[in-house]
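I have placed the structure first, in the form of structure tokens, so that the comments after it can refer back to it.
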Amino acid sequence: MDQIRLIVQIKAGAKRRRDGMCILLPDFYPIRDAPRLPFLREVFIMMRPFSPLRRVLAWIWLAFAAWSSWMGAGLAGWGQAPEPMPALIIDGQNNHGIWPKTTMMIKRYLEETRLFRVDIARTKYTWQGEEWLDKFPIGDGVKRESVKEPKPDPDFRPDFSKYKVVISNLGFGAAEWPEETKSELEKFVFNGGGLVILHAANNSFGEWKAFNRMIGLGGWGGRNEKTGPYVYLNQDEKEVRDTVPGGGGSHGAQHEFQIIIRDPKHPITQGLPRVWLHTQDELYDRLRGPGENMQILATAFSSKDQGGTDRHEPMIMTVGYGKGRVFHTPMGHADYSMECAGFITVLRRGTEWAATGAVTQSDVPKDFPTEDKASRRPFE
Ligand code: ZN
């Protein structure tokens, strides 16, 4: 038995010791040098009898085994889609009667990415959109009442904290929310939640100060010089903040217009053609608001021929609010405006950015519009 031990120890490198019998726990590598992590400590102690060369080889082998199992787990993970993020569309009152349909369009566009699982929170009093409500039911079993004038819903209390991002498809005339709901949305965004503002969603809540800060710019809803300056790019493509008195928000005739990317490095716009033709839409102009922590990623030229301002009007904006991120586009007046492949791409990217601060959808769709050719994807 002693002989076997001796052979084992000699093989393990203990042969350098003068005392061949004292080999059960040779201490070439003092235990005080052992790593503190329990697993590594065990391995270290186990290897104490080994020669330096064997010890090095054993560590290399262990590192390789750990790396290959980590890679294996990573490769296995690639096969599975990540869990979709919870997103919430809020709607119910909007002067754009098509809203029950556009809500379903937004929901589908987002869910098709497999990045989102979309819920809908609808006020119990709905305003406008009667002819579309039955065609695009949300199937939540709640009985709602269509009203002739916007009416506050005292029970509208979505639990924003359950979501990564909230998308507003409310519009001009949406009735006031309960104070608690307002402060819950503020808190949600301030603490790091995402908010998406589409077209007439920037018309709502003109008197709500924090809402104006969150959306950066808005129109109508009583907005004026007290809300903040007009923000646009002038003919020299320089940003202007004009505090002149006047109402916020107007637009000329609907038409197709070019979107010009102003920051091609932002995750939302990266890789997109610098200029592309958007399908027929209202080109919002004279938007005004606090515009704090706001970046204009894209503009559209509002031509006087179309009843516009002769300025480059903001079309894609990001706003920082506390730890939260807001993605805002005034595009999206009608269902045909939202069918634009460019709008859909920007909506998907902007919503992901608002939710996480990054965009994983780097591909540019093959049917993305070009400088002089719009591209529509019929919804039904
Ligand atoms: Zn509109």
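Each residue of the sequence shown is one higher than the one before, counting from 96 in this note's numbering. Glycine included, each C-beta is placed from N, C-alpha and C at the ideal position. Here the structure is a predicted model, which means the values were calculated and not measured.
- The residues T413, in chain order, have a CB closer than 6 Å to that of Q390 in the same chain once the five nearest residues on each side in sequence are set aside.
- Not one heavy atom of the ligand ZN falls within 7 Å of the beta-carbon of H423.
- In this structure the stretch 454-464 touches the stretch 346-365; the number of beta carbon pairs closer than 8 Å is three or more.
- At a cut-off of 4 residues, the continuous stretches assigned as alpha helix (DSSP H) that sit fully inside the stretch 258-330 are 274-285, 304-310.
- The straight-line gap separating the alpha-carbon atoms of P181 and G236 is approximately 20 Å.
- For H191, the shortest separation between its Cβ and any heavy atom of the ligand ZN lies below 7 Å.
- DSSP places F134 in the helix class (H, G or I) of the three-state scheme.
- Annotation for K219: the continuous beta strand (DSSP E) segment containing it runs 211-222.
- Ranked by Cα distance from D186, the options V261, F159, K243, V151 are led by V261.
- With a cutoff of 8 Å on beta-carbon distance, E320 and V326 are scored as not near each other.
- The criterion of a C-beta distance shorter than 8 Å is satisfied by I184 and V213.
- Taking C-beta separations shorter than 6 Å and ignoring five residues to either side along the sequence, the partners of S241 in its chain run T221, E225, following chain order.
- If you check the CB distance, W315 and G343 come in under 8 Å.
- As the crow flies, the alpha-carbon of T322 is around 7 Å from that of R383.
- Per the DSSP secondary-structure output, T440 pairs with nothing in a beta bridge.
- Taking 8 Å as the cut-off, the beta carbon of G289 is found no closer than this to the beta carbon of A453.
- For E408, the distance from the CB to the nearest heavy atom of the ligand ZN is not below 7 Å.
- Within the same chain, Cβ atoms closer than 7 Å to the Cβ of R443 are found at Y204, L205, T208, Q456, the five residues on either side in sequence being excluded.
- Every residue whose Cβ sits closer than 5 Å to any heavy atom of the ligand ZN is listed here in chain order: E377, H428.
- Counting only residues of its own chain and dropping the five nearest sequence neighbours on each side, G445 has a CB closer than 6 Å to the CB of I363, F422.
- According to DSSP, S397 shares a beta bridge with R406.
- Per DSSP, P181 is one residue of the beta strand (DSSP E) stretching across 180-188.
- Note that the stretch 291-310 touches the stretch 417-437; at least 3 beta-carbon pairs, one per stretch, sit closer than 8 Å.
- A residue is called buried when at least 16 other Cβ atoms come within 10 angstroms of its Cβ; T338 does not meet this threshold and is exposed.
- Beta-bridge partners assigned by DSSP to Y416: G419.
- Residue state for T374 is assigned as strand, using DSSP reduced to three classes.
- By the Cβ-count criterion, A393 is buried, with 16 or more other Cβ atoms from all chains shown falling within 10 Å of its own Cβ.
- By the criterion of at least three beta-carbon pairs nearer than 8 Å, the stretch 366-381 is in contact with the stretch 346-358.
- Distances from the alpha-carbon of G341 to those of R420, A348, R318 put R318 closest.
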